[in-house]
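**Q** In full-length UniProt numbering, the protein residues as written are 1 to 441.
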Amino acid sequence: MNPDHTHRRWSHLRKILERSGPFCRPDFEPSPNTLEFLMENCKVLVIGAGGLGCELLKNLALMGFRKIDVIDMDTIELSNLNRQFLFRHKDLGSSKAEVAAKFINERVPGCSVTPHCCKIQDKDESFYRQFHIVVCGLDSIVARRWINGMIISLLNYEDNELDHSSVIPLVDGGTEGFKGNARVILPGLSACIECTLDLYPPQRTYPLCTIANTPRLPEHCIEYVKVIQWPKENPYDCEIDGDDPQHINWIYEKSIERATQFSIRGVTYRLVQGVVKNIIPAVASTNATIAATCATEVFKLATSCSGSLSNYMVLNNTDGIYTYTYEAEKRTDCLGCSEIPRELEIRDGNIKLKDLIEILCERHDLQMKDPGITVNINGKNKTLYMHTVASIEVQTRANLTKTLTELGLKNDMEINVADVTTPKTKIIKLKFQNGNDVEMA
Ligand SMILES: [Zn+2]
Numbered sequence: 001m002n003p004d005h006t007h008r009r010w011s012h013l014r015k016i017l018e019r020s021g022p023f024c025r026p027d028f029e030p031s032p033n034t035l036e037f038l039m040e041n042c043k044v045l046v047i048g049a050g051g052l053g054c055e056l057l058k059n060l061a062l063m064g065f066r067k068i069d070v071i072d073m074d075t076i077e078l079s080n081l082n083r084q085f086l087f088r089h090k091d092l093g094s095s096k097a098e099v100a101a102k103f104i105n106e107r108v109p110g111c112s113v114t115p116h117c118c119k120i121q122d123k124d125e126s127f128y129r130q131f132h133i134v135v136c137g138l139d140s141i142v143a144r145r146w147i148n149g150m151i152i153s154l155l156n157y158e159d160n161e162l163d164h165s166s167v168i169p170l171v172d173g174g175t176e177g178f179k180g181n182a183r184v185i186l187p188g189l190s191a192c193i194e195c196t197l198d199l200y201p202p203q204r205t206y207p208l209c210t211i212a213n214t215p216r217l218p219e220h221c222i223e224y225v226k227v228i229q230w231p232k233e234n235p236y237d238c239e240i241d242g243d244d245p246q247h248i249n250w251i252y253e254k255s256i257e258r259a260t261q262f263s264i265r266g267v268t269y270r271l272v273q274g275v276v277k278n279i280i281p282a283v284a285s286t287n288a289t290i291a292a293t294c295a296t297e298v299f300k301l302a303t304s305c306s307g308s309l310s311n312y313m314v315l316n317n318t319d320g321i322y323t324y325t326y327e328a329e330k331r332t333d334c335l336g337c338s339e340i341p342r343e344l345e346i347r348d349g350n351i352k353l354k355d356l357i358e359i360l361c362e363r364h365d366l367q368m369k370d371p372g373i374t375v376n377i378n379g380k381n382k383t384l385y386m387h388t389v390a391s392i393e394v395q396t397r398a399n400l401t402k403t404l405t406e407l408g409l410k411n412d413m414e415i416n417v418a419d420v421t422t423p424k425t426k427i428i429k430l431k432f433q434n435g436n437d438v439e440m441a
């Protein structure tokens with residue numbers, strides 16, 4: 001490529017990086033070295049190669065980042081093609097990470113995207129430690145919480161002082177229909193995903209009794225056909241396949257029948273598809289806006305040319321265009337980023353182990369999925385319950401119906417909780433509301 005072209009290609013970036021200005025961070029020094037660092041050294045990890053991921057990869061590559069890794073376990077489906085623009089019809093069934101990387105590498109000269117077709121949980125600390133910045137375009141809260149925990153586990157503390165060189169900034173984008181958010185997390189320094197966990201609504205599920213007896217919404221009728229009528233009538237002699245139009249049609253017709261019975265309106269084919277496949281509607285322009293915000297934040301973090309977003313931006317295009325940015329606060333007893341064990345108030349030692357597990361799953365600020373609990377009593381490690389390993393599950397199942405007192409747990413005692421939402425075991429301190437151990441009548 002001729003030198004003049006190469007020079008002109010980055011001339012806009014040079015204007016920002018080689019001159020000072022009123023919005024620069026105080027530590028910013030205009031220099032040609034910044035662009036060189038961005039292009040030659042800065043390693044960015046993009047998590048997710050879906051709607052946000054395609055946008056992020058394109059933006060970062062066109063901004064001059066050349067050492068990009070992308071990780072995604074999914075393969076390309078037909079329904080992705082309307083917005084995941086790095087994929088074509090011929091790519092159906094192929095790995096998203098691999099196809100996206102190949103597309104960018106062919107299209108953007110000098111850029112090298114390395115794909116990883118696997119779960120984020122398949123990679124260890126040494127993999128994540130190599131990156132300067134991690135940017136997430138995920139649709140799963142569990143995955144977000146896991147990567148948040150992983151990046152926090154890489155922090156080094158010396159004499160309780162955080163070693164700033166161990167901080168890997170996490171830029172996180174999320175969208176749902178016309179709504180989205182973008183945030184910048186400086187692990188150990190600013191609010192992390194767990195600090196603000198109560199912002200995430202629990203997964204949308206409908207109580208079975210409502211579905212069966214008192215449906216009010218079209219969704220209730222569809223859910224009824226899906227979870228009750230389908231298994232009973234088994235029309236196609238198989239499980240529901242959300243991509244099979246015959247299946248969706250059957251559920252659609254039965255849902256209409258049920259909706260008519262209860263005078264409920266609003267059952268449509270699209271809604272049936274949405275409820276059956278649990279689809280969050282994807283809007284390409286929301287993805288583009290959020291990804292652009294995230295990519296800009298990555299650029300600012302990599303170059304110091306401007307202060308970072310502080311630290312949580314929400315976008316709502318449902319009714320007009322609305323955006324707002326505020327500073328989410330770090331929780332002093334955060335389960336993710338503080339060193340202090342979280343205290344958990346429970347009634348007393350008479351509650352059963354299964355009740356404790358339910359509390360861990362249902363509390364908005366904990367939202368665990370399948371917690372396993374171990375405890376150290378008198379210097380001995382004891383597994384109270386673990387669902388993930390079949391043999392241990394069988395051995396510990398009987399504990400579920402025992403009370404905490406029967407299991408030897410006392411007020412102020414710490415339990416160790418393992419869960420899919422975190423790479424590291426969490427310590428939770430039990431606080432009995434009456435302050436006493438047992439029935440001190
Ligand atoms: Zn936190």
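The C-beta atom is built at its ideal place from N, Cα and C for all residues, glycine as well.
State yes or no: is the C-beta of G336 nearer than 6 Å to some heavy atom of ligand 1?
**A** True, at least one ligand heavy atom lies under 6 Å from that Cβ.
**Q** Along the alpha helix (DSSP H) that carries G180, what are the first and last residues, could you check?
**A** No alpha helix (DSSP H) holds G180; the beta strand (DSSP E) holding it covers K179 to I185.
**Q** According to DSSP, which residues form a beta bridge with A418?
**A** G372
**Q** With 16 as the cutoff for other CB atoms within 10 Å, does H89 come out buried or exposed?
**A** exposed
**Q** Give a single yes or no on whether E194 has its beta carbon closer than 6 Å to a heavy atom of ligand 1.
**A** yes
**Q** Determine, using beta carbons only, whether K43 and H132 come nearer to each other than 7 Å.
**A** yes
**Q** Report the residue ranges of all alpha helix (DSSP H) runs contained in full by the region 104 to 164; include only those spanning at least 4 residues, in chain order.
**A** 125 to 129 and 141 to 153
**Q** Enumerate in chain order the residues of its own chain whose CB-to-CB distance from Q433 is below 8 Å, with the five nearest sequence positions on each side excluded.
**A** E345, I346, R347 and D348
**Q** Give the range of the alpha helix (DSSP H) segment to which Y252 is assigned.
**A** P245 to Q261
**Q** From what residue to what residue does the alpha helix (DSSP H) around M39 run?
**A** P32 to E40
**Q** Assuming D355 is part of the beta strand (DSSP E), what are its boundary residues?
**A** Element bounds for D355: not the beta strand (DSSP E) but the alpha helix (DSSP H), L353 to E362.
**Q** Taking the straight line between their C-alpha atoms, what separation do you get for T405 and T383?
**A** 15 Å
**Q** Return the chain-ordered list of same chain residues with a C-beta closer than 6 Å to the C-beta of L45, the five sequence neighbours on each side being excluded.
**A** Correct list, in chain order: D69, F131 and V134.
**Q** Would you call Y236 buried or exposed, if buried means 16 or more other Cβ atoms sit within 10 Å of its Cβ?
**A** Answer is exposed; the Cβ neighbour count stays below 16.
**Q** For H364, which residues of its own chain have a beta-carbon under 6 Å away from its beta-carbon, when the five flanking residues on both sides are left out?
**A** Cβ contact annotation for H364 (same chain, cutoff 6 Å, sequence separation greater than five): D198, in chain order.
**Q** Pairs of beta-carbons, one from the region 332 to 339 and one from the region 148 to 163, closer than 8 Å: are there three or more?
**A** yes
**Q** Alpha helix (DSSP H) containing T323: first to last residue?
**A** Taken as a continuous stretch (DSSP letters only), T323 belongs to no alpha helix (DSSP H), being part of the beta strand (DSSP E) at Y322 to Y326.
**Q** Please name the residue in S166, P32, I290 and E29 whose C-alpha comes closest to that of A182.
**A** I290
**Q** Measuring straight from C-alpha to C-alpha, what distance separates Y385 and G174?
**A** 34 Å
**Q** Could you tell me whether the Cβ of T75 comes closer than 7 Å to any Cβ of chain B?
**A** Checking the listed chains, one finds no chain B in this structure; it contains a single protein chain.
**Q** Beta carbon of V417, beta carbon of K426: below 7 Å?
**A** In this structure, K426 lies closer than 7 Å to V417 by Cβ.
**Q** Compare the C-alpha of F37 against each of N316, S190, D412 and F299 and name the closest.
**A** F299
**Q** Count the other CB atoms, across all protein chains shown, that sit within 10 Å of the CB of T260; report buried if there are 16 or more and exposed otherwise.
**A** exposed
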